[in-house]
Amino acid sequence: MDACGAAGAGIVIEDGHGNLRDIAYSDDRVRRLERLQVQTAEGPCVECVQLGQPVVVKDLVAVYERWPRFAEAATESGFLAVRALPLRFYGRTVGALNLFSYDGADCAPDRLPTAQAFADLAMVAIVQHSRAHESAAVHITRALAARSAIEQAKGMLVEDGHLTVEEGLEALRIHAARTGVGISRLAGGWCVARPPRGRCWARATASPAELPLGGGPPPRKRLRVQWCDGQ
Amino acid sequence: MDLTRVVQIMGNAIAEEDADALPGRLCLALDEVLEGDGTVLVLMAHLSHHRVLAASDKHTARLGELEFSLGEGPGLDAVARSAAVLAGDLTGGDGDRWPALAVTLAGSGLPVRAVFAFPLQLSGVSFGVLEVSRHRPGELDERESANGRIAADLASVALARSFEAAGQPLGAPTWPEESGVDGVEVDQAVGMVMAQLRAPADVALSTLRARAFAEGRTVGELALDVLGRRVSFKP
Chain A
1 MDACGAAGAG IVIEDGHGNL RDIAYSDDRV RRLERLQVQT AEGPCVECVQ LGQPVVVKDL
61 VAVYERWPRF AEAATESGFL AVRALPLRFY GRTVGALNLF SYDGADCAPD RLPTAQAFAD
121 LAMVAIVQHS RAHESAAVHI TRALAARSAI EQAKGMLVED GHLTVEEGLE ALRIHAARTG
181 VGISRLAGGW CVARPPRGRC WARATASPAE LPLGGGPPPR KRLRVQWCDG Q
Chain B
232 MDLTRVVQIM GNAIAEEDAD ALPGRLCLAL DEVLEGDGTV LVLMAHLSHH RVLAASDKHT
292 ARLGELEFSL GEGPGLDAVA RSAAVLAGDL TGGDGDRWPA LAVTLAGSGL PVRAVFAFPL
352 QLSGVSFGVL EVSRHRPGEL DERESANGRI AADLASVALA RSFEAAGQPL GAPTWPEESG
412 VDGVEVDQAV GMVMAQLRAP ADVALSTLRA RAFAEGRTVG ELALDVLGRR VSFKP
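Sequences listed follow chains A and B, in order.
So the first sequence is residues 1 to 231, counted in our numbering.
So the second sequence is residues 232 to 466, counted in our numbering.
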């Protein structure tokens, strides 16, 4: 709490039914303020979870009209400022970290990175042992594997078609466009399956470079890709 | 170091605006958290894939390269098990755990003695590893290893957000190419050897690893020769 400038901190999370639950608090005042927000469905943490964005209130007196019950209870507890940071990941907001302060200066922007890192930590602690993040990790490994397969497919074309690496990519693109199969799927298909014996994927014929008038960089070689699917 | 300081260091590394430099900042942050002499950040889709994103010193970058080349080491184990793998003395007491790595390290003159590998993972699914090295041998105490795990968890979330920001489907952020720290050439060389041998990727990689080991080089170095058509495995 000291690190991100706060006098009290608490965490609410959304349960499986879309209801907010207060699960952690630094002291009883915070527990009561969180309970109040959950019960009345008003306040910064409720808004933060709904929006998936940080909600920063530097002066609670100024929000009496917006959240009458919450603002009054919070100021009665001695707090003057509050920040609600989303526990948010891969498009999903699982809850919010609330930081209560005696001083609006705690809401300075330079305090935000540490506060958000604490929110991330709370989030990781909550969901690291659940399956909630699995789809994110699977997305990452798939994206990495797809890029790896594209490089391997380029290498195959380079070898079989006597191409440069750049030409290999272009050949892959041309074939993907011609067959209507996405480049990732095309490459993935080749790299998962064993390359068929005797099959030639591409041949490139580079046309002679046309010299640009008045110097300048040489033009790119024109690539003609010929696909041989026969054995 | 207390938890607050760990979170502060990681929070500052993650929050900075220059997204391209995030991997490098994460390495420096891990060095600070664990008083390391260098950290390497490797993304791995699976155990046959290796993309070094950043390293805070060249010795640790070399260590990561050697591990992938030999196919053994704390980093690969950390990814395989989705758990931290700590080795206080690679060339001493831990020498039996990864014998080829221990021998290669001892002969290489690299100053690295201790390596602490923390998987980048979410819900038990690993997508890479952060490896912190020290020139002095010695185990991490309980608090340090807990700090390392927390730092790696925060790094995992930050990297995952970069992938989230890259969009769908199969989106991945394009981090700037840093010379000497990459795995793209290895993938391209694997593809060439696949075509030469008419064999699947794992066989091609094993072939490259065996040749590299026999010649006392890394797979990355050999890959450049394959791409330059100076080495061929054509039967």
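By construction, the Cβ of each residue, glycine as well, lies at the ideal position given by its N, Cα and C atoms.
For this session: Report the rounded CA-to-CA distance for Val310 of chain B versus Leu144 of chain A, giving the unit in angstroms.
Result: Rounded to whole angstroms, the gap between the alpha carbons of Val310 of chain B and Leu144 of chain A is 15 Å.
Next on the checklist: Taking DSSP's pairing of strands, which residues face Gln352 of chain B in a bridge?
Outcome noted: DSSP output for Gln352 of chain B lists B:Ser357 as bridge partner(s).
Presumed contact (8 Å Cβ cut-off) between Pro368 of chain B and Ala348 of chain B, rounded CB distance:
The distance from the Cβ of Pro368 of chain B to that of Ala348 of chain B is about 16 Å, inconsistent with a contact at the 8 Å cut-off.
**Selected residue, minimal CA-CA separation from Val94 of chain A, among A:Asp27, A:Met123, A:Ala73, A:Arg29** = The candidate whose alpha carbon is nearest that of Val94 of chain A is A:Met123.
- Task: Look at the Cβ atom of Tyr25 of chain A, then the Cβ atom of Gly43 of chain A, and state whether they are nearer than 8 Å.
- Result: No, they are not a contact pair.
Sub-8 Å separation of Glu263 of chain B and Ile245 of chain B beta-carbons: Note that the C-beta distance between Glu263 of chain B and Ile245 of chain B is not below 8 Å.
- [ ] Would you mind stating whether Pro305 of chain B and Glu362 of chain B have Cβ atoms separated by less than 8 Å?
- [x] Less than 8 Å separates the beta-carbon of Pro305 of chain B from that of Glu362 of chain B.
By the 9 Å beta-carbon criterion, what residues does the region 98-122 of chain A contribute toward chain B? Cβ contacts with chain B: Leu112, Pro113, Thr114, Ala115, Gln116, Ala117, Phe118, Asp120, Leu121.
Here's the rule: buried if 16 or more other CB atoms are within 10 angstroms of the residue's CB, otherwise exposed. What is Gly251 of chain B? Going by the sequence as given, residue 251 of chain B is Asp instead of Gly. Classification for Asp251 of chain B: exposed.
Chain-order list of residues whose beta-carbon lies under 7 Å from that of Arg154 of chain A (same chain, five-residue window excluded):
For the sequence presented, residue 154 of chain A should be read as Lys rather than Arg. Short of 7 Å from the beta carbon of Lys154 of chain A, and not among the five residues preceding or following it, lie these beta carbons of its own chain, in chain order: Val165, Gly168, Leu169, Leu172.
Hey, is Ala309 of chain B's beta-carbon within less than 8 Å of any beta-carbon in chain A? Using a Cβ-Cβ cut-off of 8 Å, Ala309 of chain B does not count as an interface residue toward chain A, since no Cβ of chain A sits closer than that to its own.
Inset, instruction - Find the nearest neighbour of Leu33 of chain A within the set A:Pro68, A:Gly180, A:Gly91, A:Val138, judged by alpha-carbon distance. - result: Of A:Pro68, A:Gly180, A:Gly91, A:Val138, the residue nearest in Cα terms is A:Pro68.
Nearest-angstrom Cα separation, counted from Glu159 of chain A out to Val423 of chain B:
The question names Val, but residue 423 of chain B in the sequence shown is Met. Cα-Cα distance, rounded: 5 Å.
- Query: Taking 8 Å as the CB-CB limit, is Gln53 of chain A close to chain B?
  - Reply: Taking Cβ atoms only, chain B never reaches closer than 8 Å to Gln53 of chain A, which makes this a no.
Inter-stretch contact (C-beta, 8 Å, three-pair minimum) for the region 291-307 of chain B and the region 333-342 of chain B:
Touching, yes.
At least one CB of chain B closer than 8 Å to the CB of Thr141 of chain A: is that the case? Contacts with chain B at 8 Å (Cβ-Cβ) include Thr141 of chain A.
*By the 10 Å Cβ neighbour count, where 16 or more other Cβ atoms means buried, how is Asp372 of chain B classified, buried or exposed?*
Counting of Cβ neighbours within 10 angstroms places Asp372 of chain B among the exposed residues, the total staying below 16.
So, with DSSP's three-state summary, where would you put Ala9 of chain A?
DSSP places Ala9 of chain A in strand when its eight states are reduced to three.
Quiz item: Looking at the structure shown, is Asn243 of chain B part of a helix, part of a strand, or coil, going by DSSP?
Solution: In the displayed model, Asn243 of chain B falls within a helix according to three-state DSSP.
If I measure Cβ to Cβ from Arg197 of chain A and keep anything under 7 Å in the same chain, skipping five residues before and after, which residues do I get? Model confidence at Arg197 of chain A stands at a pLDDT of 49, short of 50, so the residue's coordinates are unreliable; what they give is reported in the following sentence. Contacts found: none.
- Query: Around the Cβ of Ser387 of chain B, are there at least 16 other Cβ atoms within 10 angstroms (buried) or fewer (exposed)?
  - Reply: With 16 or more Cβ atoms within 10 Å of its Cβ, Ser387 of chain B is classed as buried.
(message) Helix, strand or coil for Asp103 of chain A? Go by DSSP, reduced to three states.
(response) Asp103 of chain A falls in the coil class under three-state DSSP.
Cβ-based neighbour list, Ala146 of chain A, same chain, cut-off 7 Å, excluding 5 preceding and 5 following: Cβ within range, chain order: Ser184, Gly188.
Starting from Pro21 of chain A, follow the beta strand (DSSP E) in both directions and report where the run begins and ends. The sequence shown places Arg at residue 21 of chain A, not Pro. Annotation: the continuous beta strand (DSSP E) that includes Arg21 of chain A extends over 20-25.
> Is the distance from the Cβ of Ser385 of chain B to the Cβ of Asp120 of chain A below 8 Å?
Replying inline: Before going on, a small fix: residue 385 of chain B reads as Leu here, not Ser. A contact, by the Cβ cut-off of 8 Å.
Checklist line | Distance CB(Arg29 of chain A)-CB(Ser101 of chain A) smaller than 8 Å | finding: In this structure, Ser101 of chain A does not lie closer than 8 Å to Arg29 of chain A by Cβ.
Legend entry - beta strand (DSSP E) segment containing Arg442 of chain B, residue limits: Per DSSP, Arg442 of chain B lies in no beta strand (DSSP E) segment; the continuous alpha helix (DSSP H) that holds it begins and ends at 432-445.
Once you ignore the five residues that flank Gly216 of chain A on each side, which residues in its own chain have a CB closer than 7 Å to its CB?
In this prediction, Gly216 of chain A has a pLDDT of 48, which is less than 50 and means its spatial position is unreliable; nothing more can be read from the coordinates.
**Request:** Anything in the region 384-397 of chain B with a Cβ closer than 9 Å to a Cβ of chain A? List those residues in chain order, please.
**Result:** Residues Asp384, Leu385, Ser387, Val388, Ala389, Leu390, Ala391, Arg392, Phe394, Glu395, Ala397.
- Could you tell me how far apart the beta carbons of Val38 of chain A and Ala96 of chain A are, in whole angstroms, since I believe they sit closer than 8 Å? Not quite, the Cβ-Cβ distance comes to about 11 Å (not below 8 Å), so this is no contact.
Would Ala176 of chain A and Leu186 of chain A be called neighbours here (beta carbons separated by less than 8 Å)?
Here Ala176 of chain A is near Leu186 of chain A, since their CB atoms are less than 8 Å apart.
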